[in-house]
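**Student:** Just passing along the structure, written as structure tokens.
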Amino acid sequence: MINLFRILKLDYKEYVILFKSGNFYISFDEDSVILNKVFNYKIIEMKNNIKVGFPLNNIDMVIDKLKELNINYMIVEDKSIVSKYESDDNSFSKYTGSVFEIISINNRINKIVEKLKSIGNDKVGYILSEIESMIDV
Numbered sequence: 004m005i006n007l008f009r010i011l012k013l014d015y016k017e018y019v020i021l022f023k024s025g026n027f028y029i030s031f032d033e034d035s036v037i038l039n040k041v042f043n044y045k046i047i048e049m050k051n052n053i054k055v056g057f058p059l060n061n062i063d064m065v066i067d068k069l070k071e072l073n074i075n076y077m078i079v080e081d082k083s084i085v086s087k088y089e090s091d092d093n094s095f096s097k098y099t100g101s102v103f104e105i106i107s108i109n110n111r112i113n114k115i116v117e118k119l120k121s122i123g124n125d126k127v128g129y130i131l132s133e134i135e136s137m138i139d140v
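Under our numbering, read the sequence shown as residues 4 to 140, first letter to last.
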């Protein structure tokens with residue numbers, strides 16, 4: 004699904020792309036940020052990207068709100084675009100914020116966590132104490 008998302012994003016950069024997946028709709032990366040900001044859907048961190056999901060029965064509410072906010076969207080089912088909305092005054096970019104910065108920071112944190120897991124507990128304790136002293140935890 005993420006591969007199809009990336010392919011579609013080449014032609015539909017400023018569309019929220021919603022994928023039907025079982026009993027949910029799923030979206031990725033900058034589209035997830037929009038759905039999080041607008042609907043407060045929880046962002047799920049994956050290895051190299053982020054995603055958001057919501058139940059099928061919320062689709063009408065999501066579509067209505069995206070239209071109200073003039074955000075282009077498309078719905079993909081079984082690898083085919085089944086619905087598409089295009090606003091004359093698309094406001095997609097107003098809602099994306101710094102998604103790539105979020106992904107980059109999360110990837111850096113994940114790399115640090117993996118490195119910490121690979122070193123001894125005595126060193127991890129010391130490193131964590133140093134970090135905590137820098138951020139006043």
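The C-beta atom is built at its ideal place from N, Cα and C for all residues, glycine as well.
(1) Would you mind working out which of Leu-7, Ile-53, Val-19, Tyr-76 sits nearest Asn-113, comparing C-alpha positions?
(2) Determine the extent of the alpha helix (DSSP H) in which Ser-35 is found, giving its start and end residues.
(3) Does the distance from the CB of Ile-78 to the CB of Leu-21 come in under 7 Å?
(4) Val-85 to Ile-115, Cα distance in whole Å?
(5) Starting from the Cα of Ser-94, find the closest Cα among Lys-82, Glu-80, Leu-72 and give me that residue.
(6) For Met-64, which three-state DSSP category applies?
(7) Output the distance between the C-alpha atoms of Asn-26 and Val-65, rounded to the nearest integer angstrom.
(8) Out of curiosity, what's the CA-to-CA distance linking Leu-7 and Gly-128?
(9) Let's see if you can read the secondary structure: which residues bound the beta strand (DSSP E) around Met-77?
(10) For the beta strand (DSSP E) containing Ser-136, list its first residue and its last residue.
(11) Among the residues of its own chain, which have a CB less than 6 Å from the CB of Leu-11, if the five just before and after it don't count?
(12) My output table needs one value for Ser-121: the three-state DSSP class, helix, strand or coil.
**Tutor:** Quick look at the numbers:
(1) Here residue 113 refers to the residue found at position 110 when the sequence shown is read from its first residue. For the residues Leu-7, Ile-53, Val-19, Tyr-76, the minimum Cα distance to Asn-113 belongs to Ile-53.
(2) If you number the sequence shown from 1, residue 35 lands on position 32. Looking at the DSSP string, the run of the alpha helix (DSSP H) that includes Ser-35 is 32-42.
(3) Here residue 78 is taken as the residue at index 75 of the sequence shown, counted from 1. Here residue 21 is taken as the residue at index 18 of the sequence shown, counted from 1. Result yes, Cβ atoms of Ile-78 and Leu-21 sit closer than 7 Å.
(4) Residue numbering aside, residue 85 sits at position 82 when the sequence shown is read from its first letter. Residue numbering aside, residue 115 sits at position 112 when the sequence shown is read from its first letter. One C-alpha to the other measures close to 41 Å.
(5) Along the sequence shown, read from residue 1 onward, the residue named residue 94 stands at position 91. The shortest Cα separation from Ser-94 among Lys-82, Glu-80, Leu-72 belongs to Leu-72.
(6) The residue labelled residue 64 in the question sits at position 61 within the sequence shown. In the structure shown, Met-64 sits in a helix (DSSP, three-state: H, G or I).
(7) In the sequence shown, residue 26 corresponds to position 23, counting from 1. In the sequence shown, residue 65 corresponds to position 62, counting from 1. Cα to Cα, Asn-26 sits roughly 15 Å from Val-65.
(8) On the sequence shown, residue 7 is found 4 positions in, with the first residue counted as 1. On the sequence shown, residue 128 is found 125 positions in, with the first residue counted as 1. Here the alpha carbons of Gly-128 and Leu-7 stand approximately 42 Å from one another.
(9) As a position in the sequence shown, residue 77 is number 74, starting the count at 1. Note, Met-77: beta strand (DSSP E), 76-80.
(10) In the sequence shown, the residue the question calls residue 136 occupies position 133. Annotation for Ser-136: no beta strand (DSSP E) segment contains it, though the alpha helix (DSSP H) segment containing it runs 124-138.
(11) As a position in the sequence shown, residue 11 is number 8, starting the count at 1. Answer for Leu-11: Ile-20, listed in chain order.
(12) Position 118 of the sequence shown, counted from the first residue, corresponds to residue 121. Helix.
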